[in-house]
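Undergrad: Supplied in structure tokens, the structure appears directly below.
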Amino acid sequence: MARPRKNENTPLTRKMERFVKEFVTNDGFLTKRECAIKAGYAKSSAHVKAYELTNPDLNPHVVAFMNKYKAEVDEKYGVSYGRHIRDLQKIRDEALESGAYSAAVQAEKARGLAQGNIYVNKSEVRHGSIDSMSREEVEKELQKIRDTYGTPIINVTPEKEKPKQIAKESRKSILSGLKIKPKKVKKKVNTN
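Rendered as structure tokens:
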């Protein structure tokens, strides 16, 4: 006598149910094989069993339960606009009550960003760099800047000085600030 075909209404065994719960709750953190092992399947055949359990042709009842359980988890823990705004408001209120004003401000700002029309986030992205430009292109861009802002560009490039000249000037500046008083020398008088 042949086994009856499995359909979406076929009941799951305890191991199958544990596998589905492990797989859905650890989505992305554990492999199918690891979920099968945690559910109680033998290590030697866990990879095959995990494949079979997630194949809708072989086990449509397991896949149907998996989709149903995913929907429940998404509904319970998923992010929706209303829940997000409500949670941020709750965080803000609790932060204000505890005197954490910085956290309250950040939560309120996050609410404003989520709203979408309160804060404007503007950024300008430029590609390329001065290293990839020729000398003529750099001079052309500098001229555009001069024309736009109308102020002359001040050359702040330091002049190259000779090291000996720098040392002499620094000695002079140090010595010029000092006032050296001559020491008084007492003369010894011999009384022989």
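Those letters in the sequence shown? Residues 3 to 194, by my numbering.
Backbone N, C-alpha and C fix where the C-beta goes; we use that ideal spot for every residue, glycine too.
Say whether chain B places a C-beta atom closer than 9 Å to the C-beta of G152.
TA: Checking the listed chains, one finds no chain B in this structure; it contains a single protein chain.
Undergrad: Could you tell me if A41 is buried or exposed, where buried requires 16 or more neighbouring beta carbons within 10 angstroms of its beta carbon?
TA: Classification for A41: buried.
Undergrad: Is the stretch 67 to 79 touching the stretch 41 to 52, taking contact as three or more C-beta pairs under 8 Å?
TA: No: fewer than three Cβ pairs fall under 8 Å.
Undergrad: When the Cα atoms are used, what is the spatial distance from L115 to Y121?
TA: Between L115 and Y121, the C-alpha separation is close to 6 Å.
Undergrad: Name the DSSP beta bridge partners of D133, please?
TA: DSSP output for D133 lists no bridge partner at all.
Undergrad: In this structure, does DSSP put D29 in helix, strand or coil?
TA: Looking at D29 - three-state DSSP - the assignment turns out to be strand.
Undergrad: Determine whether the beta carbon atoms of F21 and V64 lie at a separation below 9 Å.
TA: It is a contact, given that the beta carbons lie within the stated cut-off.
Undergrad: Tell me where the alpha helix (DSSP H) around L14 begins and ends.
TA: Run containing L14: none; DSSP gives neither H nor E here.
Undergrad: For L90, count neighbouring C-beta atoms within 10 Å of its own C-beta (all shown protein chains included) and say buried if the count is 16 or more, exposed if not.
TA: Classification of L90: buried, given that the 10 Å Cβ count is 16 or more.
Undergrad: Using 10 angstroms around the beta-carbon of I1, count the other beta-carbons present and answer buried if the total reaches 16, otherwise exposed.
TA: What the structure shows of the chain is the stretch from 3 to 194, and residue 1 is not part of that stretch, so it cannot be assessed.
Undergrad: Taking DSSP as the reference, what is the three-state secondary structure of R7?
TA: Coil at R7, not helix or strand.
Undergrad: For a test of the three-state rule: what should DSSP assign to L60, helix, strand or coil?
TA: Note: L60 maps to coil in three-state DSSP.
Undergrad: Expressed to the nearest angstrom, what Euclidean distance is found between the alpha-carbon atoms of R85 and A44?
TA: The alpha-carbon atoms of R85 and A44 are separated by roughly 41 Å.
Undergrad: Using only the alpha-carbon positions, how far apart do T150 and V158 sit?
TA: For T150 and V158, the distance between alpha carbons rounds to 21 Å.
Undergrad: Specify, as a first and last residue, the run of the alpha helix (DSSP H) that G84 falls within.
TA: It spans 83 to 99 - the alpha helix (DSSP H) in which G84 sits, taken as one unbroken run.
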